[in-house]
Amino acid sequence: MMRRFVSCLLPVATLVLGGCGSKTVDTPPEAAVTTTGQGLTEPYNPLPSGIQWTQSSRFAGAEREDAPYLRPESNNGYHAELNGCPPGIEDPVQVLYGMSFTWTIDGTTINMGGICFLPHFFPTQGAHDVRLTVTGMNPVVGHPALVAEYQRFVTIRDYLIVSLGDSYGSGEGAPDTSANWDNDQGPVWANSRCHRSFKSPAARAALALEQSDPHSSVTFLSLACSGATIQRTTYADENWDGSGFWSIFDGFATSADGPEGGSGMLGGYVGIEPPAYSYGAWNPEDYMPSQLDRLAALVGNRPIDALVLSAGGNDVGFGDILRFCVVHTNCHQDNDGQKLRSKVDGLKAALPSSYDALQARIKQEGLDVRSTYLMEYPDFARGNSGQTCSSILEETNLYAGTGMDVSYGELVYLDGYVRVPLLSMMQEAAARHGWNYVSGISDAFAGVGSGVGHGLCASPSNRWVNNGYDASSTQGPDGSEEKTTGTAHPNETGYAVMTVFLQEKMDDTLPALPRVGILKADGAAEVQEGGASSSWVHQSGDIKAVALSGSRIGVLRQNGDFYLKDGALTELWNLVTGDVASIALSGNRIGIVKTDGQAYVKQGAWDAAWVLMSGDVAAITLAGNRVGMLKQNGQFYLKDGALTELWNLVTGDVASIALSGQRIGIVKTNGDSHVKEGAWDAAWVAQVSSNSKAIALTENRVGVLKLNGEFVLKEGALTSSWNLVTGDVQSISLAGKRIGIVKTGNLGYVKEGAWTELWDWETTNTTQLVLATP
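First residue of the sequence shown: 214, per the working numbering; consecutive thereafter.
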């Protein structure tokens, strides 16, 4: 399940952990209350449940693209309501005579007098130290006032969810308010030019996440646009006007059929309801910016927690194919079949490179995307029995009643020729780029498992997809089944079903706040999450090493005991095992090298079974589904996939290794550093010659620490130029858009964004600094 960051309490005591091999470690208590005052038989505790709080909702019911909404940390911050009211106080602004409430938030004191409620803007996400001193009159005459002090961490969390793509991402087919033609009322869209609706899967999932937890909020932005492609150029279909039987547009528009409409995701686009054009073309200002360009301009350096994509269907021309098959009796046979394949084969062949171009553009724009979700398309050609429809879309033909439709034989052919290969290419692209593929949608619409299909030919009560009559009635044009754009798109129920699958995937994969961990010279470990102004939270003492990944924190104690926690910074520790020399974390994998040189990795819960990797191991590194192992003899091995996969010998004479996404980095014993991208046996790209001390990687950055203490970094391609970040550096760390270093003198620094940004974090007495990986 997704980890939700709720309130935590300040660690001020030492507890004994229960469970297998439990030992005493620093961890927060269940309450932090200090009381003073004489003459009472019981401690003064006016707030038995301590400080309560809620984070204000940010999900907007209308489209917002303003900076205060999308970039709150550069504006007012995040609003929350702190409640220090005693039980029974229903009016939070009521003045409680005889009592006073003094708040201290991250070191700043706010005296509220007799008001126990405090609205407050927190500047950044992350854990914030909130303390409250409550002073009350002593009922015992002549004794001093009663004082109770409360402490807790308030963890501010706002998820930025972004939707990009085509009509299935915009909500085509389900306007925010359906048309009422009897009252001359057309449909209402959140954005009519793109047919964007808050009934789309991404919008629904964002709202559900917002409503699921009072201690977090959601910022939602959709740029998805009906008719958009990744990079395939579209054209207006002005020949689909019924001027003559033989002039009917056959589905695949070219420049001969109308002006260029653009693409949408990687290029400009006029929209599904574009402005009027003149002299056979749109003006340059009529094109909206590409969705990627617009997204980068709107969110800047702000991390995107969930990027939801619906893309690929228009690139292979699925709507064009259906229209072609409506006007051709047997579109899959003879000359018509050859014509269809001559149009579609090239589109299908180009789709994988379009997905690659999309991912490359995301990197090029410098977007910090923490998780990406590629939505599966529904199967809309199944009826009540779950079997393929006998025919569909006759009502969309200009000459309805002539028997021109998409027949059973055509549907069976298109399923194998277009739909199944499309879904396969989508899954392959998701695997290639580390996206989450949201599966199960196609089977649900087809009735797999239930035996009840929900496609175009299903009965109205079972239908999750609009036919031409549905779409014309819901969104118009009224009575124009051949012109409505909502046909073959989900209705409100269909989008709700798609949302369920997206929510389930997000529950498992939505990322935690980025974290920074430090190890102090005195052995104390501290972790901070969110922005630079959030609070450091003490984890434990007597520590040798710290590891972070997502919501997991691992610490290796000086005695070789390895502890791990998962969730909030103040969660209790679990003793994983002892006799450990080094630790590694990535996603749901945990790796160790024991003091005897045996390396183990487990996947899943902290107490899952270990899988032995090998012996004589010097170091182990994890990244996604990859495990890298450096043997004591300098040989570097890598496996990809299951923990039981066979090892591949990558190279020898290696001093250190690094993994990130599809990148593999090494420092050789002679000081040369190399990086490769892709398969384990891909070609190496030389980085720094004979002067490398350490290497760090992200999917878009390579950092090398030179023996002379200089830290150099490159972005983009492995052959890009180096940038000198700073000198006098002892160690380096990279994660996402963050850069971390420890300089000589045990000074730790972190910056976020461009490598030229100023350092945001500064810590003293620091011997190790690590950044959480997604």
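Just so it is clear, CB atoms sit at the ideal spot from N, CA and C, and this is done for glycine as well.
ask   = Out of curiosity, what's the CA-to-CA distance linking T240 and R645?
value = Any reading at T240 must be qualified, since the residue scores a pLDDT of 41, below 50, and its modelled position is unreliable; no value is offered.
message = Here's a check: name, in chain order, each residue in its chain whose Cβ is nearer than 7 Å to the Cβ of Q640, leaving out the five neighbours to either side.
response = If we look at Q640 and ignore the five residues flanking it on each side, its Cβ neighbours are Y650.
key: Assigned secondary structure, H702 (DSSP; H/G/I helix, E/B strand, else coil)   = The three-state reading of DSSP puts H702 in coil, since its state is none of H, G, I, E or B.
query = Do A831 and T808 come within 8 Å of each other at the CB atom, strictly closer than that value?
reply = Result no, Cβ atoms of T808 and A831 do not sit closer than 8 Å.
request  = Classify I877 as buried or exposed, calling it buried when 16 or more other Cβ atoms lie within 10 Å of its own Cβ.
outcome  = Buried, since its Cβ has 16 or more Cβ neighbours within 10 Å.
request  = Pick helix, strand or coil for N296, following the three-state DSSP scheme.
outcome  = It is a strand residue.
query = Is there contact between the segment 932-945 and the segment 554-573, where contact requires at least three CB pairs shorter than 8 Å?
reply = No, the segment 932-945 does not touch the segment 554-573.
task = Please confirm if the segment 835-853 is in contact with the segment 799-817, defined as three or more CB-CB distances below 8 Å between the two stretches.
result = The segment 835-853 vs the segment 799-817: in contact.
ask   = Where does H887 sit, in a helix, a strand or coil, going by DSSP?
value = It is a strand residue.
key: Where the beta strand (DSSP E) containing S430 begins and where it ends   = Where S430 is concerned, the enclosing beta strand (DSSP E) stretches over S430 to S435.
ask   = Exposed or buried, what is H356 when buried is set at 16 or more other beta-carbons lying within 10 Å of its beta-carbon?
value = Around the CB of H356, fewer than 16 other CB atoms lie within 10 Å, so the residue is classed as exposed.
inquiry  = Across the segment 494-509 and the segment 421-429, are there enough close Cβ pairs to call them in contact, namely three or more that are closer than 8 Å?
reply    = Contact between the segment 494-509 and the segment 421-429 is absent, because fewer than three Cβ pairs lie under 8 Å.
ask   = Exposed or buried, D825, counting other C-beta atoms within 10 Å across all chains shown (16 or more means buried)?
value = For the record, residue 825 in the displayed sequence is Leu; it is not Asp. That one is exposed.
message = At the level of alpha carbons, what is the spacing between V625 and Q398?
response = Distance between the alpha carbons of V625 and Q398 is about 39 Å.
query = What's the C-alpha gap between S410 and Q577?
reply = Computed Cα separation, rounded: 29 Å.
message = In the DSSP assignment, the alpha helix (DSSP H) including T687 goes from what residue to what residue?
response = Per DSSP, T687 belongs to the alpha helix (DSSP H) from G681 to T687.
request  = Please work out which residues of its chain come closer than 7 Å, Cβ to Cβ, to E423, disregarding the five sequence neighbours upstream and downstream, and give them in chain order.
outcome  = Same-chain partners within the cutoff: S270, F272, S430 and V431.
task = Rank T447, K412 and Y363 by C-alpha distance to the C-alpha of A387 and give the top, closest one.
result = The candidate whose alpha carbon is nearest that of A387 is K412.
key: Pick from D533, D547, S674 and L560 that is closest to L989, judged by C-alpha positions   = Past the boundaries of the shown model lies residue 989; the chain is included only from 214 to 987, so the question cannot be answered.
query = What residue from N883, P516 and A573 has the CA that sits closest to Q444's CA?
reply = Closest option to Q444, Cα to Cα, is A573.
query = According to DSSP, is K807 helix, strand or coil?
reply = K807 sits in a strand when the DSSP states are folded into three classes.
Whole-angstrom distance between I369 and Q268, CA atom to CA atom = Distance between the alpha carbons of Q268 and I369 is about 7 Å.
ask   = Would the beta-carbon of G297 fall within 8 Å of that of L345?
value = Closer than 8 Å, so yes.
ask   = Going straight from the alpha carbon of R676 to that of V661, what length do you get?
value = Answer to the nearest angstrom: the Cα atoms are 15 Å apart.
request  = For V512, collect the residues of the same chain with a Cβ closer than 8 Å to its Cβ; drop the 5 residues on either side in sequence, then sort them by chain order.
outcome  = For V512, where only same-chain residues beyond five positions count, the Cβ hits under 8 Å are L283, R284, L373, V375, L434 and L580.
query = Going along the chain, which residues of its own chain have a beta-carbon closer than 6 Å to the beta-carbon of L851, five neighbours each way excluded?
reply = So the qualifying residues of the chain are G841, N861, V863 and W893.
ask   = Which residue's Cα is closest to the Cα of F775: S762, A797 and A781?
value = If we check each option's Cα against that of F775, A797 comes out closest.
query = Does DSSP put Y500 in a helix, a strand or coil?
reply = The answer is coil: DSSP assigns Y500 none of H, G, I, E or B.
key: Backbone CA spacing between L560 and N704 [nearest angstrom]   = Taking the straight line from one Cα to the other gives about 28 Å.
inquiry  = I'd like the list of long-range same chain contacts for S584, defined as Cβ closer than 6 Å, with 5 residues on each side in sequence excluded.
reply    = So the list reads A519, T722 and P724, once near-sequence residues are dropped.
Cutoff 6 Å; reference L715; Cβ partners in own chain excluding five residues on either side = Contacts found: P414, A418 and V651.
Whole-number beta carbon distance between A437 and L377, since they are thought to touch under 8 Å = 6 Å between Cβ atoms; contact.
ask   = Taking buried to mean at least 16 other C-beta atoms within 10 Å of its own C-beta, is E975 buried or exposed?
value = With a threshold of 16 other beta carbon atoms within 10 Å, E975 falls short and is exposed.
message = My output table needs one value for A985: the three-state DSSP class, helix, strand or coil.
response = DSSP places A985 in coil when its eight states are reduced to three.
inquiry  = So, with DSSP's three-state summary, where would you put A466?
reply    = Of the three classes helix, strand and coil, the one that applies to A466 here is coil, per DSSP.
message = Taking the straight line between their C-alpha atoms, what separation do you get for S604 and I517?
response = So the alpha carbons of these two residues sit roughly 42 Å apart.
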